[in-house]
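Asks: Structure in structure tokens, see below.
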Amino acid sequence: MVQAKKTAAYRVIAGPGGKRVFRFYCDISGELCCVTKSIRADAEDEALEIAWETEGRWAFDRCPQCGRYVSSAMFNINAERCLDCAPWENEYPVFCHHCGIRLKDPDAFFCPACGARLLVGGTEEEEGRTE
Ligand SMILES: [Zn+2]
Ligand SMILES: [Zn+2]
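Here the sequence shown is numbered in the numbering used here, starting from 215 and rising by one per residue.
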């Protein structure tokens, strides 16, 4: 049985005087996303809850499909899922990222409504690139 996760993966660094610092990590990449201030509480559970509510959770996106907490780099904002559940690769965008219309033709490279280049079939041109 999979329990709903309450927080992202974390490590505790215990300091003197019952103070603890929490480090929260992305559930997919393992990237360190948040290091909290030192938190004073009687029990570790209590400290964790404070750390998560006041600091940790704001550094993450939660995937509603798998329930994991991931960094913004590991979150597909178009699909509102983590990249494990909704990878960027080989996925045709359902909505134009520019004007927001629903797209129908999976072979189109440009949005039929606004002409924006879609995020498939190559790299987007970046402005101000220096080479
Ligand atoms: Zn997911
Ligand atoms: Zn468009």
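From the three backbone atoms N, C-alpha and C, an ideal C-beta is built for every residue, glycine too.
Small disclaimer: the values here were computed from a predicted structure and weren't measured.
Can you say whether G270 is buried or exposed, counting buried as having 16 or more other CB atoms within 10 angstroms of its CB?
Replies: With 16 or more other Cβ atoms within 10 Å, it is buried.
Asks: So F309 and N292 are supposed to be a Cβ contact under 8 Å. How far apart are they, rounded?
Replies: 6 Å between Cβ atoms; contact.
Asks: Any chance the CB of E322 is under 7 Å from a heavy atom of ligand 2?
Replies: The sequence shown places Ala at residue 322, not Glu. It does not: the Cβ of A322 is nowhere closer than 7 Å to a heavy atom of ligand 2.
Asks: Helix, strand or coil for I242, going by three-state DSSP, please let me know.
Replies: DSSP places I242 in coil when its eight states are reduced to three.
Asks: Hey, which unbroken runs of the alpha helix (DSSP H) at 4 residues or more fall wholly within the segment 232 to 293?
Replies: Segments of the alpha helix (DSSP H) lying fully in the segment 232 to 293: 258 to 268.
Asks: Just to confirm before moving on: does the CB-CB distance between A266 and T221 stay below 8 Å?
Replies: Note on identity: in this sequence residue 266 is Trp, with Ala being the wrong assignment. A contact, by the Cβ cut-off of 8 Å.
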